[in-house]
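This report concerns only the one structure given below.
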Amino acid sequence: MDDHNDTTERRESLVNLMIRGPKEDQNEDTFVTNNRDGGASGDELNSPHGISSKRHKYSVNQIQELEAVFKENSYPDEKTRLELATKFSVGKKQVQFWFQNKRSISKTQLERHDKKMLQQENGKLCLEYAAMKELMENSICDPCRNKDTIRNENIDEKEILNEHARLKNELARIAIHADNFLGPSTFLEGSLTSMMENFGLELLTERDEISDVNVVDGLSLNEVDFGKYLTSPPPTNLVNKDLTLDKSMLLNLALAALNELLKLAMSDELFWVRSLDGGGEILNMEEYARSFIPITGIKPSHFTTEATRSSGIVAGNSLTLVEMLMNESQWVEVFPCIIGKVNTFDVISTGIGESKSGTLLLIETELQIISNVVPVREIQFLRFCQKHVEGTWIIVDVSVDTIKEGSQQYKIEKCRRLPSGCIIQDMPNDYCKVIWIEHMEYDEIFVHHLYRPLIRAGLGFGAQRWMSSLQRQSEFLRVMASFVNFTVDSKGEISMGILAQRMTRNFCAGICATSHKWKTIQIENEKDANLMMRKNISDPGEPIGVVLSATKTIQLPIKPQCLFEFFTNKNMRIQWDILSCSGPMKNIIHITKGQNLKSCISLLCANGDGIIANQNNMLIFQDTCTDATSSLLVYSIVDSSKMNTVMKGGDSSCVELLPNGISIVPDLSQDYYANNNNDGNNNEFCSGSLVTIMFQMFVDNLSTTDLPEKSIIDANDIISHTIYKIKTAFKCK
Numbered sequence: 001m002d003d004h005n006d007t008t009e010r011r012e013s014l015v016n017l018m019i020r021g022p023k024e025d026q027n028e029d030t031f032v033t034n035n036r037d038g039g040a041s042g043d044e045l046n047s048p049h050g051i052s053s054k055r056h057k058y059s060v061n062q063i064q065e066l067e068a069v070f071k072e073n074s075y076p077d078e079k080t081r082l083e084l085a086t087k088f089s090v091g092k093k094q095v096q097f098w099f100q101n102k103r104s105i106s107k108t109q110l111e112r113h114d115k116k117m118l119q120q121e122n123g124k125l126c127l128e129y130a131a132m133k134e135l136m137e138n139s140i141c142d143p144c145r146n147k148d149t150i151r152n153e154n155i156d157e158k159e160i161l162n163e164h165a166r167l168k169n170e171l172a173r174i175a176i177h178a179d180n181f182l183g184p185s186t187f188l189e190g191s192l193t194s195m196m197e198n199f200g201l202e203l204l205t206e207r208d209e210i211s212d213v214n215v216v217d218g219l220s221l222n223e224v225d226f227g228k229y230l231t232s233p234p235p236t237n238l239v240n241k242d243l244t245l246d247k248s249m250l251l252n253l254a255l256a257a258l259n260e261l262l263k264l265a266m267s268d269e270l271f272w273v274r275s276l277d278g279g280g281e282i283l284n285m286e287e288y289a290r291s292f293i294p295i296t297g298i299k300p301s302h303f304t305t306e307a308t309r310s311s312g313i314v315a316g317n318s319l320t321l322v323e324m325l326m327n328e329s330q331w332v333e334v335f336p337c338i339i340g341k342v343n344t345f346d347v348i349s350t351g352i353g354e355s356k357s358g359t360l361l362l363i364e365t366e367l368q369i370i371s372n373v374v375p376v377r378e379i380q381f382l383r384f385c386q387k388h389v390e391g392t393w394i395i396v397d398v399s400v401d402t403i404k405e406g407s408q409q410y411k412i413e414k415c416r417r418l419p420s421g422c423i424i425q426d427m428p429n430d431y432c433k434v435i436w437i438e439h440m441e442y443d444e445i446f447v448h449h450l451y452r453p454l455i456r457a458g459l460g461f462g463a464q465r466w467m468s469s470l471q472r473q474s475e476f477l478r479v480m481a482s483f484v485n486f487t488v489d490s491k492g493e494i495s496m497g498i499l500a501q502r503m504t505r506n507f508c509a510g511i512c513a514t515s516h517k518w519k520t521i522q523i524e525n526e527k528d529a530n531l532m533m534r535k536n537i538s539d540p541g542e543p544i545g546v547v548l549s550a551t552k553t554i555q556l557p558i559k560p561q562c563l564f565e566f567f568t569n570k571n572m573r574i575q576w577d578i579l580s581c582s583g584p585m586k587n588i589i590h591i592t593k594g595q596n597l598k599s600c601i602s603l604l605c606a607n608g609d610g611i612i613a614n615q616n617n618m619l620i621f622q623d624t625c626t627d628a629t630s631s632l633l634v635y636s637i638v639d640s641s642k643m644n645t646v647m648k649g650g651d652s653s654c655v656e657l658l659p660n661g662i663s664i665v666p667d668l669s670q671d672y673y674a675n676n677n678n679d680g681n682n683n684e685f686c687s688g689s690l691v692t693i694m695f696q697m698f699v700d701n702l703s704t705t706d707l708p709e710k711s712i713i714d715a716n717d718i719i720s721h722t723i724y725k726i727k728t729a730f731k732c733k
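Encoded structure:
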């Protein structure tokens, strides 16, 4: 009995605290040998194969075999070269020289082809100018048959000549960029010519048919309104400071990315295969490599590729979605669980007229998975918006931090964004169809091993997660605009929705440490949680003072949906929530956020005479959401008097929040479940869950920067006690 009293006292004290490659032969030294005959070098005189320095002429069959290897990999490693040398009875240097010469010849041929195409385009411009000049000289006004009418309307031939000269100079400058900035892997290779000549690109229609359209829809450099931005220098903190970016160069990079995104969106069986969960598609990298020249350069050997596609129906019309995605603050609100923070560095183009079409932005952002063991992805990219046809829009992103100067590629630290984005097409009844593509390359060494399978499958940063979040948020906005709850008037409902958005956003930022300057107190290990602290000085939306955050990620052999139903069941809450130890909870307010009834906003109170019930001015405000990629439950203790103000439509910014919660994602690592699998919780796709738990607590103002030892012990106890209760409820190890 004494033990029970001690446990109860300990629980109550805890409750009171809860008020928040390998290098490939150095790239062969990137030099091209003059030994085009493929002779062996002097260091091979004493080789184990006994090959002398006398050059060896390859046979036809040997050349064919070498070319087959070159087609598969133009930079074979030392092992491959040694195998070829042994097979052909030649020195490995001779094999190395053959591949170097082959790469040099291929590069020269590509450069010659590009220059030839640019010359042809210049010839076309000259012919077009001559035709326009002849038309001007021979034009006749049909109504009055007056040959001089056009001249009388103040059309100056000199202006036409100047415009033509400007276009020629623009074309020449682009050609210079192609020569100076890129080799075979440059972003202009093949794309500039195709954009000038091949206007027969296609887009999936509402019935998934293919129709002919113009990739840039008549857009050219002189039609984009650069306005005052044309004379301002581009931000150099996005790239090497020695590199001056030409804005026409950035526009052409965006157009090349648009071209690639359209082709990938059009293709079905050729480029895409259905993912294991059936909710998305994964890019066929072999087919992609054969069909596309990388516009951001060759992928670093130590990088991993993640490329996915997803499509679906979204509430709202195309103009509404375009505004959401092109507006910085709205973009963050639509994807609060994916975007940590964002900054628009420069508006390169404001588009054509008042339309968003042609808008080109330079953006830096942080992308996140709601877990403390997965670092955020910092990316710098262009975002380009283009109206394709009436009712159809394209928004494409592409990294700019990989632009080259000469042959020196700037360092790519963790990840880069290849052409990614969405195609939005209006449908009846104020809905639209969205095709979303995510294509990134990243260094997997920074990713925790538990999350690597999830990210490879595209459920971490992939298209399916973006699409699910977009659909969920669009439904929520439609509900906020139309549905009126009987307990809360429409203004109060909107205020509660805004408060829930702020709480969820702060919860995600607290786990991923994106919005505030956090100080790490303790690194997560097998026993203890990850502890961070920060000081709030002036934000009225949370207590003034020191905030301590405790986070821990665990594996559970329970399917995500089963876990989410357990956590959202108010009758089961007593089995895991330390704030609900007095008994079952009851709903005061319940607002459904969309078609999925489990995604909702709730206001809870204790249904009994326990700890919380005795604190009559305290309630629990909760926000939940779920889809195939993840589930989230966020809650915070709130003051009842302030919540009454919010429920009447008052300002929600006055409500102090220290969000706590749980994030659930599928666990795709199969080795863990061989020994921890529960009956009825196994399927081909996912056998369990990765669960991240976070608690935040307010610590009294500190006179020093050191956190009291008692606060650290209490934070670890809260996390460990919660995890113990969850595992006990499911009888897990």
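First residue of the sequence shown? That's 1 in full-length UniProt numbering, and the numbers climb one at a time after it.
Ideal Cβ placement from N, Cα and C applies to all residues, glycine included.
Neighbour-count burial assignment, R465, 16 or more Cβ in a 10 Å radius:
buried
Take the Cβ of I713 as the centre, count every other Cβ of all protein chains shown within 10 Å, and call the residue buried at 16 or more, exposed below.
Exposed, since its Cβ has fewer than 16 Cβ neighbours within 10 Å.
Taking only three categories from DSSP, how would you classify I611?
Per-residue confidence for I611 stands at a pLDDT of 44, beneath the threshold of 50, marking its modelled position as unreliable; the derived number appears in the next sentence. Correct three-state label for I611: helix.
Residues in its own chain within less than 6 Å of W518 by CB, not counting five upstream and five downstream?
M532 and R534
May I ask you to report which of helix, strand or coil DSSP gives V400?
coil
Does the Cβ-Cβ distance between Q100 and A315 come in under 9 Å?
no
Span of the beta strand (DSSP E) around Y431:
Y431 to D443
So, at 7 Å on beta carbons, what are the nonlocal neighbours of Y724 in its own chain, with the 5 sequence-adjacent residues on each side left out?
none
Note down the Cα distance separating K79 from Q501, rounded to an integer number of angstroms.
55 Å
What does the alpha-carbon distance come out to for the pair V400 and K247?
12 Å
Within 10 Å of its beta-carbon, does I611 have 16 or more other beta-carbons around it, so buried, or fewer, so exposed?
Note on I611: pLDDT 44, under 50, position unreliable in the model; the coordinate value appears next. Burial call: buried.
According to the neighbour-count rule (16 or more other Cβ atoms, all chains shown, within 10 Å of its Cβ), is F446 buried or exposed?
exposed
Coil, strand or helix - N252 by DSSP
Here N252 sits in helix by DSSP.
Secondary structure of F730, DSSP reduced to three states
helix
To which residues does DSSP link D623 through a beta bridge?
I601 and V634
Min CB distance N536 to chain C below 9 Å
Absent here is chain C; the protein component of the structure consists of one chain.
Reference C432; option with closest CA among I379, S549 and S311:
S311
Assuming C512 and I348 are in contact, meaning their beta carbons sit under 8 Å apart, how far apart are those beta carbons, in whole angstroms?
The Cβ separation is near 29 Å, so there is no contact.
Kindly give me the distance between the Cβ atoms of C600 and I591, rounded to whole angstroms, as I take these residues to be in contact under 8 Å.
6 Å
Ignore the nearest five residues each way along the sequence and tell me which others in N372's own chain have a CB closer than 6 Å to its CB.
Hits under 6 Å: I511, N530 and T551.
Can you name the start and end residues of the alpha helix (DSSP H) that L470 belongs to?
Looking at the DSSP string, the run of the alpha helix (DSSP H) that includes L470 is A463 to S482.
Spatially closest choice to T296 from L382, C126, G280 and W331, by CA coordinates:
L382
Would you mind sorting G425 into buried or exposed? The rule is 16 or more other CB atoms within 10 Å of its CB.
Reading the sequence as shown, one finds Gln at residue 425 and not Gly. Buried, because 16 or more other Cβ atoms sit within 10 Å of the Cβ of Q425.
Sub-9 Å separation of S468 and A628 beta-carbons:
Yes, they are a contact pair.
Report, in whole angstroms, the separation of the C-beta atoms of P659 and N506, which I expect to be a contact under 8 Å.
5 Å
Bridge partners of H590, per DSSP?
Beta-bridge partners assigned by DSSP to H590: S602.
Could you say which of K648, I423 and F567 lies nearest to C625 if we only look at CA atoms?
F567
By Cβ distance below 7 Å, which residues in the same chain neighbour I554 in space, the five residues on each side in sequence not counted?
V691 and I723
Pick helix, strand or coil for P428, following the three-state DSSP scheme.
coil
Name the two residues that bound the continuous alpha helix (DSSP H) containing T86.
E78 to F88
Considering only C-alpha positions, which residue in the set W272, K570, C126 and G650 is nearest to residue 771?
Because the chain is modelled from 1 through 733, residue 771 falls outside the range shown and cannot be assessed.
Output yes or no for whether 9 Å exceeds the beta carbon distance between S689 and K559.
yes
Whether P419 touches V434 by CB criterion (9 Å):
no
One question on the structure: do R478 and G594 come within less than 9 Å of each other, judged by their Cβ atoms?
yes
Within 10 angstroms of the Cβ of G353, are there 16 or more other Cβ atoms? Answer buried if so, exposed if not.
exposed
Under 9 Å, do G541 and L632 count as touching if we go by C-beta distance?
no
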